[in-house]
Amino acid sequence: MLVMYGGNMVEYGTATEIFEQPKMPYTMGLLESLPRLDQAGSRLIPIDGQPPNLLRMPPGCAFAPRCRYRMPICDRPVPLYDFGGGHVARCFLYEKSAEGQKPIPAENAPMIPDSAVAASETIA
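Quick note on the working numbering: the sequence shown kicks off at 36 and runs consecutively.
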């Protein structure tokens, strides 16, 4: 699965990884905003704020203005962090993680499958 925000990839991994262990706060927010079939009548949890203006993107992380974990470092370009097995995400929450995630250069990022690219072009 590929999660995009503001025209950029923010997380990529298997459906199991994305749904069970999301790493990027935007992905977490998307999952929290899904209706639950086992909780009839429960309120949906929205993601605060507004999507970015694609003509005037903020520096660094495009999601930072809406993020509950925003830090000053979020104004810098965000590297991809490798969580193993092809699961990667862009978020400074993992800059000094005890779990040992390491930033990976963009040229070493996993290739996005052609099927994902084709699906995104069909939607657009």
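Quick reminder that beta carbons are idealized off the backbone N, C-alpha and C, glycines included.
- With 16 or more other CB atoms across the displayed protein chains lying within 10 angstroms of its CB, Ala97 is buried.
- The residue from Ile82, Lys58, Glu52, Gln85 with its alpha-carbon nearest to that of Glu130 is Lys58.
- For Asn43, DSSP records a beta bridge to Tyr40.
- DSSP places Asp110 in the helix class (H, G or I) of the three-state scheme.
- In this structure, the beta-carbon distance from Leu115 to Pro60 does not fall below 9 Å.
- If the five residues before and after Gly95 are omitted, its C-beta is found closer than 7 Å to the C-beta atoms of Cys109, Asp110, Arg111, Pro112, Val113, all from its own chain and listed in chain order.
- Straight-line measurement puts the Cα of Arg103 at about 21 Å from the Cα of Tyr47.
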